[in-house]
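All remarks here apply to the structure that follows.
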Amino acid sequence: MNRTWKTWLWSPFVVFTVIMTLKFYMSWNVIYDIGFSWKPLLTELPIIWAIFAVIELLATKRKLGIYLFVNLLLTAVYFAVIMYYKYFGIIVTYHALAQVGQVGEVKGSVFQLMHASFLLIFIDIVLIGLALTFYRRFRGWAKLSAVRVPRIASAVLLVAAIACSVVTIWKHDSVLNEVRQTEEMGIINYELYKVVRTSDAERTIPVAEVTRSAIDELKGLTPSTETPAHWAEAKGRNVIVIQLEAFQNFLIDLNVEGQEVTPVLNQLKSEGVYFNHMFQMVGQGNTSDAEFITNTSFYVPPVGAATDEYINYSLPSLPKRFNAAGYLTATFHTNDVKFWHRNEMYPALGFDYYYDKSWYGEDDTIAFGSSDKILYDKAIDEIANINKSGKSVYANIISMSSHHPFNFLPESMPKLKLPEKYEGSFAGNYIQSEHYADEALGVLINKMKETGIWDNSVLVIYGDHMGLPVYSLDDTDRELLETVLGKPYSYSSMLNIPLLVVAPGLLQSEVRTQTAGQIDIMPTIANLAGLSLKDDIYFGQDLLNHTSNLLPERYYLPSGSLIGNKSIFVPGEKYDDGVVYPLPADSNAPAYPSADEFNRALRLLKMSNSYIKSLPPVDGHTEPGAMRTSQQN
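The numbering of the sequence shown is our numbering, which starts it at 481 and goes up by one.
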């Protein structure tokens, strides 16, 4: 009897059940901070037992090795979920895991997010491996583990466990908020569900229903027959769009110990139109998604990065419209053009030229390539040279030096003199990095004036995405941010990025508090440049002529989230149990969006995806404006 119990207690089924229970409780504690609850046992254990039952039924040899492999696989899933949540605030799926090849490029960001305690999730694998290698008596476990569980017991367990998991998944299939959905389903159930289930957001609607009037109606816009304000005022001017890496709006006008963090942007703000309620709308592709949205005024895909999902379609875009108006179009970035498949995205968007790391070299390297100062200096020289040939330029310049985890600045570089409590902190490093990004902008402004193109250009500056994830801040960072913000750091501050439009001699200095998103940049530029979008399909709005807005969000907020004129809305299981957050400058009680607004926002996302998927494929990149590298200049 004792021998039978010993055999059972030391069987792989029991041992790995205990191990996996500890691991899924660890994962839940990081994500949900729940302490002890019966819910993880009820949602995670059945599917794990189902997997173990299959092993017991089918494995005749090397059963322990199979258990070890499954343990490693499930551990990797739990670890990936923890790490992804700490940055994005969402639950990773196989779509995002397909981008694991990008990790080497951003390994510094990965290490910054990693807490030493997270690695404990692998400790059993290490210990078992060492014991099997160096402890001869422990190898007897392999013989002990070969004892088979009765097949009928395994079969009954398999059926019962699968039934429990299926019921759990089925009951929560309609939950909108993916984090809540995972909590109700369990992590492994959710991952399997996402493999086999196509979400509502991915379902297409008839493309005939995607019309200019339908989009305007969903957004609450009233078409006007009058000439819009500022129409074609900048026609023929260079349009230079600066995308600032990880730049959040709270930095503007921020003073720390009497020091301006962004003196250059503060000055530019007084010379143009500044939108202080601008919000990021990127997805999995982060910076590359910001480039995509800005140049197309389409939403990011339901899953994956735009550079993965949409680059094979012939995309209507701002570069193509500028090409048709006689402009030369170019994009400048000091990273490798193959990162996030930009080498395929740029032809799809219709850029004439790209200038990447191979052109810039590695002078004054910060982060993944030449510094922002080198980026701007050489880009403006190139634009000025093109102007001399009689061509105006539409240019995207993508900054990079202030990249997460914000520890790339050389020690010798002059920095702000911050109080000791900021030293070595994530928030302190962020402020220092963005101070450098602002200083580098000064190089751009001076260069534009030196080369004589300042007065004949429109300068558009915006942040690509947040830099400080609310999910990965420690107590010190939260305290520092609350000190500089004067309020707790939350979604409204995290997602809020700046937008400045400076057109010397044309636009008066103005601060606009309307809700705006990256999707609105394209129609705003088109209006200033005199590029007609009549009857075209796009999903943003000209911010110089429309104030009310509706911004459906993806990825950094759960599905169904939206930003309206007064607040950010995040759904719970459904619309009815959602939560609202006031916008950064709104001290009043946040406004709960109507069910109609909520449904309209969801339909806008579906319309965008449906329209793009109906576009013809890119025909070998041979359409007008086909891609040429800068080296062919």
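The beta carbon of each residue, even a glycine, is placed where N, CA and C say it ideally should be.
Cβ-Cβ distance between residue i and residue j below 8 Å
i: Val741; j: His915; result: yes
i: Val783; j: Ile773; result: no
i: Gly1058; j: Pro1051; result: yes
i: Ser645; j: Pro526; result: yes
i: Pro1096; j: Ser838; result: no
i: Tyr834; j: Tyr826; result: yes
i: Ala533; j: Ala641; result: yes
i: Val981; j: Gly752; result: yes
i: Tyr1072; j: Tyr565; result: no
i: Phe727; j: Ala917; result: yes
i: Val675; j: Tyr790; result: no
i: Met880; j: Glu725; result: yes
i: His757; j: Gln994; result: yes
i: Val940; j: Val719; result: yes
i: Leu965; j: Phe730; result: yes
i: Ile860; j: Lys967; result: no
i: Ile601; j: Met506; result: yes
i: Ser905; j: Asp843; result: no
i: Ile1092; j: Phe778; result: yes
i: Gly666; j: Glu524; result: yes
i: Val1121; j: Tyr942; result: Past the boundaries of the shown model lies residue 1121; the chain is included only from 481 to 1113, so the question cannot be answered.
i: Ile570; j: Glu658; result: yes
i: Gly985; j: Met1002; result: no
i: Ala556; j: Val572; result: no
i: Ser937; j: Ile1048; result: no
i: Leu537; j: Arg631; result: yes
i: Leu979; j: His710; result: no
i: Asn775; j: Pro799; result: yes
i: Tyr1146; j: Leu948; result: Missing from the structure shown is residue 1146; the chain here goes from 481 to 1113 and no further.
i: Ile535; j: Ile546; result: yes
Paired residues, beta bridge with residue i - DSSP
i: Arg992; result: Phe755
i: Gln723; result: Ile878, Tyr942
i: Ser850; result: Thr845
i: Glu740; result: Asn735
i: Ile1043; result: Leu1031, Ile1048
i: Pro1097; result: Tyr793
i: Gly997; result: Phe759
Element boundaries [beta strand (DSSP E), containing residue i]
i: Ile977; result: 976 to 982
i: Ala714; result: It is not in any beta strand (DSSP E) - Ala714 carries neither H nor E in the DSSP assignment.
i: Tyr1166; result: The structure shown does not extend to residue 1166, since the chain is modelled only from 481 to 1113, so the question has no answer here.
i: Tyr1072; result: Tyr1072 -> no beta strand (DSSP E), and no H or E assigned at all.
i: Pro1062; result: 1059 to 1062
CB contact below 8 Å: residue i versus chain C
i: Val1098; result: Absent here is chain C; the protein component of the structure consists of one chain.
Cβ-Cβ separation, residue j to residue i (assumed contact under 8 Å), whole Å
i: Pro1032; j: Leu1023; result: Rounded, the Cβ-Cβ distance is 17 Å, inconsistent with contact.
i: Arg1034; j: Val780; result: 6 Å
i: Phe831; j: Thr809; result: 5 Å
i: Asn1029; j: Pro708; result: Wrong, their Cβ atoms sit about 16 Å apart, outside the cutoff.
i: Ile877; j: Tyr856; result: 7 Å
i: Leu656; j: Arg1083; result: Contact flag wrong, Cβ pair sits at about 14 Å.
i: Val687; j: Ser1094; result: 4 Å
i: Leu889; j: Ser913; result: 6 Å
i: Ile863; j: Ile933; result: 6 Å
i: Thr684; j: Asn1089; result: 7 Å
i: Val1098; j: Ala828; result: 6 Å
Opening and closing residue of the alpha helix (DSSP H) in which residue i lies
i: Tyr565; result: 543 to 568
i: Ser1047; result: Where Ser1047 is concerned, there is no enclosing alpha helix (DSSP H), although the beta strand (DSSP E) it sits in stretches over 1047 to 1050.
i: Phe812; result: No alpha helix (DSSP H) holds Phe812; the beta strand (DSSP E) holding it covers 808 to 813.
i: Tyr455; result: With the chain covering only 481 through 1113, there is no way to say anything about residue 455.
i: Pro1003; result: 1001 to 1009
i: Leu701; result: No alpha helix (DSSP H) contains Leu701, which DSSP labels as neither H nor E.
i: Phe802; result: 798 to 804
i: Asp957; result: 955 to 965
i: Trp508; result: 492 to 512
i: Ser768; result: 767 to 776
i: Asp604; result: 603 to 614
i: Glu536; result: 519 to 538
- [ ] Can you check the stretch 622 to 696 for any alpha helix (DSSP H) of at least 4 residues that lies completely inside it and give the ranges in chain order?
- [x] 631 to 651, 658 to 665, 667 to 676
TODO: Would you mind listing the beta strand (DSSP E) stretches within the stretch 860 to 939 that are 3+ residues and don't spill past its ends, in chain order?
DONE: 873 to 878
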